[in-house]
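A.B. asks: Heads up, the working numbering is the position in the sequence shown plus 31, with the first residue counted as 1. Glycine is no exception: its CB is placed at the ideal position from the N, C-alpha and C atoms. The structure that follows is given in the form of structure tokens.
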Amino acid sequence: MTELHPEMHERRILGTELLWAFGVGVLIAAVLSMIVFTALSIGVNPPSNVERIDPKTLHLSGEFAEDNLGTTVGADGRVVVRAVATQFMFVPRCIAVPAGRPVTLRFASPDVLHGLLITGTNVNTMVVPGYVAQVHTVFTRTGDLLMPCHEYCGLGHSEMWATVQVVPEDQFQPNSEGRVSCAQR
Ligand code: CUA
32 MTELHPEMHE
42 RRILGTELLW
52 AFGVGVLIAA
62 VLSMIVFTAL
72 SIGVNPPSNV
82 ERIDPKTLHL
92 SGEFAEDNLG
102 TTVGADGRVV
112 VRAVATQFMF
122 VPRCIAVPAG
132 RPVTLRFASP
142 DVLHGLLITG
152 TNVNTMVVPG
162 YVAQVHTVFT
172 RTGDLLMPCH
182 EYCGLGHSEM
192 WATVQVVPED
202 QFQPNSEGRV
212 SCAQR
């Protein structure tokens, strides 16, 4: 190997360093622009709701008591879904929502960390004990969507999933109490 003049050697090192710095810069710019692009174009955002709830008592009374769970249409027409993620099921197991209309989903866990996504939508959140996980979305397609737990929560994790039944707006009929449950099929 031929000996390089010290100055040449240094210049070569600088060149390599700049090349790597440029490559890393391009990667960071690509990742950042992808995050901004998906946030603006298809509404992919990290959940930002910070709302505390006592995991030890949430099933006893209040918003997440059993007879409050499921889909409710408020007097103002707001559709709110409440569900509990617990080892190893979602309560309720089936959730009815309308297509083409804003829906707010609220989840809480009385035991351990769970997570969920609804296939083919931008709904994807962790359900952390002690906090209410809230997601706003609009379902664009009708049909049955799978909502699996996607955070390992114990031996029954793989059995933990629910169905989201997206029905056309005109078939989404709340009862006298403003509740909507899944159609039996
Ligand atoms: Cu709940 Cu995995």
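1) Helix, strand or coil: which one does DSSP assign to residue 177?
2) For residue 144, tell me which candidate among 212, 57 and 182 has the shortest Cα-Cα distance.
3) In the DSSP assignment, find the alpha helix (DSSP H) that holds residue 40 and state where it starts and stops.
4) Nearest to residue 98 by alpha carbon, out of 134, 138, 180 and 123?
5) How many whole angstroms separate the CB atoms of residue 3 and residue 140, which I take to be in contact at a CB cut-off of 8 Å?
6) Which whole runs of the beta strand (DSSP E) in the segment 139–173 are 3 residues long or more, in chain order?
7) Does the count of Cβ pairs from the segment 108–125 and the segment 50–67 closer than 8 Å reach three?
8) Tell me whether residue 196 is buried or exposed, calling it buried when 16 or more other Cβ atoms sit within 10 Å of its Cβ.
9) Per DSSP, residue 196 forms a beta bridge with which residues?
10) Buried or exposed: residue 39, going by 16 or more other Cβ atoms within 10 Å of its Cβ?
11) Quick one: give me the first and last residue of the beta strand (DSSP E) that residue 109 is part of.
12) When the Cβ atoms of the segment 65–84 are set against those of the segment 164–171, are three or more pairs found closer than 8 Å?
C.D. replies: A quick look at the data gives this:
1) strand
2) 182
3) 37–72
4) 123
5) Only positions 32 to 216 of the chain appear in this structure, which leaves residue 3 out of reach.
6) 145–148, 155–158 and 164–169
7) no
8) buried
9) 127 and 175
10) exposed
11) No beta strand (DSSP E) contains residue 109, which DSSP labels as neither H nor E.
12) yes
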